[in-house]
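Colleague: So for the sequence shown, my numbering puts the first residue at 594; every next one is plus one.
Glycine included, every Cβ here is placed at the ideal spot set by N, Cα and C.
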Amino acid sequence: MSTAILTGQPVPGSSIEGDLRSLGFDVRVAVDTADAERLVAEAPCEQRIALVDARFVGHVHALRLGLTDPRFPLAAVPGAVTAQPDGRTTLTRALARENSAGGGTAVAVDSLPDRIVTALADDGAEVHRPELGSLVAAVPADPQARNEARQAVAEVDDEAVRLKSAVKARDGFFTTYFISPYSRYIARWCARRGLTPNQVTTASLVTALIAAACAATGTRGGFVAAGVLLIASFVLDCTDGQLARYSLQYSTLGAWLDATFDRAKEYAYYAGLALGAARGGDDVWALALGAMILQTCRHVVDFSFNEANHDATANTSPTAALSGKLDSVGWTVWVRRMIVLPIGERWAMIAVLTAVTTPRITFYALLIGCAFAATYTTAGRVLRSLTRKARRTDRAARALADLADSGPLAQGVARALQAPARRLPGFAAPVVALLGGLVLVGLAWQPGYGGPLAAVGAVIYAVTSGLAVARPLKGALDWLVPPFFRAAEYCTILLLAAKTDVNGALPAAFGLVGAVAYHHYDTVYRIRGNAGAPPAWLVRAVGGQEGRTLLVAVLAAVLTASQFTVALTVLAVAVALVVLAESIRFWVSAGAPAVHDEGEPA
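See below:
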């Protein structure tokens, strides 16, 4: 249980003690600053501690937002401040200085928590102050102000505000108008029955896997059930985040589940569609793998662009200014959100097409829609990058290098070519990465299975990969390097598997790309949480993107088609086991960040 310390003179009829207890706090009363310091010191070190002015008037949800959010070491609202265990030392120092300056006198004349927040700010401590909107949080100075504050509390329904704030401020059209109007009430129902976001997330995954199993039956009834269950899974997917925001149940494990399950659900559904089509005599595994590759490359474009510009200075452009002007015209906002085919629109399209058409038509529509969305978003970001004069930081360059997933081969080439790479023009890195990828894919595309051409292309690709990352990725378009690497590696696996003409080769390739894509998504969310990239040993163990590509190409050159299929299967299992084991170890550890995907609708 957490501890809340009430400071100042109690107010007759105040509900503050009951409000704090309803939020899970054990309430103590301090008669002065010295007493407050003593009570803070006596509270168990593993507990959250809060200082709350006894005269506080406000909504319970304002206190909930300010005092119970687990994501921030220090947080405050007017009249209250809180510290988690890793922020206790900072709070204790500020309280000790306040006690020394005030001499332990009574604190009724002003708000001790507010003075502590000021002292924390003077120390440079980062104190989270939630947006309260219409919610009231105040420390009235006299009876008249107190009556006015109470009236303001009565005029605002904090439960309605709480429900509204449970929904993402920015979301897709389908989610906003067809899911969130009722999913927020499902979230509240779950909260009142003690369900956690992680349980709802797991239910969403199970529902999606059942949907994939229904699609795998290959029957019309199975396809209809799959479409319905996919929408149900998406409703639960929205509900878990809304439940987390409604009840402020953020956790490290929840961050990991939320970050990975969306992709796992979608790609498992692709596999289910491919299995169902195969039962009807239609082989669409290449389309399923192509859809997964396209969607994964779309995401890495988003991630790389955002990381490159995360903390860039002078980060403005005419294109960004135009986008800002368009945001003032309501209908353009929704059109631009819809044409990028975010997850809500995409899953709705997949569900409807699954129910009324065939898997092949579903994949054709998905590929066309995602290709258009990828072209639109990438072209806009390229234009922004060319017209802005941003100066990118070492952190951005490091993040892009981590997203590149360069293995020992590329890193060795990079060290060897570091000096000549400095003499190349600023746009050289993405051009070299693109040319190397085109050579690799072009040679892998040659007719017939086997032969040394793909292996030769992979050697050339390893050299160009090293050259592309030989200097810090700070150029205007250097964020394109990781997407070019992803496309080259994944497309090579697809082409080499497709040319075997052996049953099982494309499903094995699907599994391998899925395992590698998981590794790349895991890298993204670690970087977003400021936890750095996966450990170097993991990158070496799975070969880096150029090492895996070379290995697959060499296996295709020296093995028969049947042997190559077995090798792809073994490689997929090995990569999956290694990356999953390390990912699970990291995300369940105490040091993993509680990252929640609040702004990525795709």
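Among H721, V1106, S1155 and I1177, which residue has its Cα nearest to the Cα of T1142?
Modeller: Taking the sequence shown and counting its residues from 1, the one referred to as residue 1142 is at position 549. That would be V1106, whose Cα lies nearest to the Cα of T1142.
Colleague: Between A629 and T600, is the Cβ-Cβ spacing less than 8 Å?
Modeller: Position 36 of the sequence shown, counted from the first residue, corresponds to residue 629. Position 7 of the sequence shown, counted from the first residue, corresponds to residue 600. Their beta carbons are under 8 Å apart, which means A629 touches T600 by this criterion.
Colleague: Can you tell me which residues form a DSSP beta bridge with L1099?
Modeller: Taking the sequence shown and counting its residues from 1, one reaches residue 1099 at position 506. L1099 is not bridged to any residue.
Colleague: In this structure, does DSSP put R981 in helix, strand or coil?
Modeller: Looking up residue 981 in the sequence shown gives position 388. Of the three classes helix, strand and coil, the one that applies to R981 here is coil, per DSSP.
Colleague: Drop a sphere of 10 angstroms on the beta-carbon of K982, count the other beta-carbons inside from all chains shown, and report buried for 16 or more, exposed for fewer.
Modeller: Here residue 982 refers to the residue found at position 389 when the sequence shown is read from its first residue. Classification for K982: exposed.
Colleague: Using a Cβ-Cβ cutoff of less than 8 Å, which residues in the same chain neighbour R953 once the five nearest sequence positions on both sides are dropped?
Modeller: Mapped onto the sequence shown, residue 953 falls at position 360. Hits under 8 Å: A870, D875, V877 and L880.
Colleague: Restricting to Cα atoms, I'd like to know which of R631, E691 and L728 is closest to G659.
Modeller: In the sequence shown, the residue the question calls residue 659 occupies position 66. With distances taken between Cα atoms, G659 lies closest to L728.
Colleague: Given this structure, state the Cα-to-Cα distance separating S797 from R1079, to the nearest angstrom.
Modeller: Position 204 of the sequence shown, counted from the first residue, corresponds to residue 797. Position 486 of the sequence shown, counted from the first residue, corresponds to residue 1079. Spanning the alpha carbons of S797 and R1079 requires a straight line of approximately 28 Å.
Colleague: Using 10 angstroms around the beta-carbon of L1170, count the other beta-carbons present and answer buried if the total reaches 16, otherwise exposed.
Modeller: Mapped onto the sequence shown, residue 1170 falls at position 577. Using a 10 angstroms sphere on the CB of L1170, the tally of other CB atoms stays under 16, which defines it as exposed.
Colleague: Roughly how many whole angstroms lie between the Cα atoms of V700 and F649?
Modeller: One-based indexing of the sequence shown puts residue 700 at position 107. One-based indexing of the sequence shown puts residue 649 at position 56. Bear in mind that a pLDDT of 43 at V700, under 50, signals an unreliable position, so the model cannot answer this.
Colleague: Based on Cα-Cα distance, which residue from L705, D662 and G1137 lies nearest to H721?
Modeller: Counting from 1 along the sequence shown, the entry for residue 721 is found at position 128. Cα-wise, what sits closest to H721 is D662.
Colleague: Compare the C-alpha of G617 against each of T1085, L841 and W1072 and name the closest.
Modeller: Taking the first residue of the sequence shown as position 1, residue 617 is located at position 24. With distances taken between Cα atoms, G617 lies closest to L841.
Colleague: Leaving out five residues before and five after R891 in sequence, what residues of the same chain have Cβ atoms less than 8 Å from its Cβ?
Modeller: Mapped onto the sequence shown, residue 891 falls at position 298. The answer, listed in chain order, is C963, A966, A967, T970 and A1195.
Colleague: In this structure, what does DSSP give as the bridge partners for A730?
Modeller: For the purposes of this step, residue 730 is taken as residue 137 along the sequence shown, with counting starting at 1. In DSSP, A730 forms a bridge with G651.
Colleague: Between the segment 1001 to 1013 and the segment 1033 to 1048, do at least 3 Cβ pairs fall closer than 8 Å?
Modeller: Contact annotation: the segment 1001 to 1013 does not touch the segment 1033 to 1048, with fewer than three C-beta pairs closer than 8 Å.
Colleague: Taking 8 Å as the cut-off, decide whether the C-beta atoms of G1000 and G1136 are in contact.
Modeller: Sequence index remark: in the sequence shown, residue 1000 carries index 407 (1-based). Sequence index remark: in the sequence shown, residue 1136 carries index 543 (1-based). Yes, the pair counts as a contact, with Cβ atoms nearer than the cut-off.
Colleague: What did DSSP end up calling L667 once you bin it into helix, strand or coil?
Modeller: One-based indexing of the sequence shown puts residue 667 at position 74. Note: L667 maps to strand in three-state DSSP.
Colleague: Specify, as a first and last residue, the run of the beta strand (DSSP E) that L644 falls within.
Modeller: Counting from 1 along the sequence shown, the entry for residue 644 is found at position 51. That run of the beta strand (DSSP E) goes I642 to D646.
Colleague: Nearest by alpha-carbon distance to N902: which of Y860, D995 and R974 is it?
Modeller: Your numbering for residue 902 matches position 309 in the sequence shown. Among Y860, D995 and R974, the Cα nearest to that of N902 belongs to R974.
Colleague: Secondary structure at V624, three-state DSSP: helix, strand or coil?
Modeller: As a position in the sequence shown, residue 624 is number 31, starting the count at 1. Residue state, collapsed to three classes: coil.
Colleague: Please classify S1176 as buried or exposed, where buried requires at least 16 other C-beta atoms within 10 Å of its C-beta.
Modeller: Here residue 1176 is taken as the residue at index 583 of the sequence shown, counted from 1. Result: buried.
Colleague: Using alpha carbons as the reference points, say which of D895, R743, I943 and V653 lies closest to V1074.
Modeller: Numbered from its first residue, the sequence shown carries residue 1074 at position 481. It is D895.
Colleague: The beta strand (DSSP E) with I598 in it runs from where to where?
Modeller: By one-based count along the sequence shown, residue 598 stands at place 5. S595 to T600 is the span of the beta strand (DSSP E), which, as asked, contains I598.
Colleague: How many Å lie between E560 and A687 at the Cα?
Modeller: No information on residue 560 is available, as it lies outside the stretch 594 to 1195 that the chain covers here.
Colleague: Fully enclosed by the segment 782 to 866, which alpha helix (DSSP H) runs are 4 residues long or longer?
Modeller: 790 to 809 and 813 to 840
Colleague: Since P1080 is in the alpha helix (DSSP H), which residue starts that stretch and which ends it?
Modeller: Here residue 1080 refers to the residue found at position 487 when the sequence shown is read from its first residue. The residue you asked about is not Pro; residue 1080 is Ala in the sequence shown. Unbroken alpha helix (DSSP H) run through A1080: V1074 to A1091.
Colleague: Tell me which same chain residues have a C-beta within less than 7 Å of the C-beta of L846, skipping the five on either side of it?
Modeller: Sequence index remark: in the sequence shown, residue 846 carries index 253 (1-based). These residues qualify, in order along the chain: N791, W1180 and V1181.
Colleague: Kindly give me the distance between the Cβ atoms of L960 and L887, rounded to whole angstroms, as I take these residues to be in contact under 8 Å.
Modeller: For the purposes of this step, residue 960 is taken as the residue at position 367 of the sequence shown. For the purposes of this step, residue 887 is taken as the residue at position 294 of the sequence shown. Confirmed, Cβ separation roughly 6 Å.
Colleague: Look at the alpha carbon of P1018 and the alpha carbon of R988, and state the distance between them as a whole number of angstroms.
Modeller: Residue numbering aside, residue 1018 sits at position 425 when the sequence shown is read from its first letter. Residue numbering aside, residue 988 sits at position 395 when the sequence shown is read from its first letter. Rounded to the nearest angstrom, the two C-alpha atoms are 22 Å apart.
Colleague: May I ask you to report which of helix, strand or coil DSSP gives V702?
Modeller: Working through the sequence shown from its first residue, we reach residue 702 at position 109. Residue placement at V702 cannot be trusted, given a pLDDT of 43 that sits under 50; the coordinates are not used to answer.
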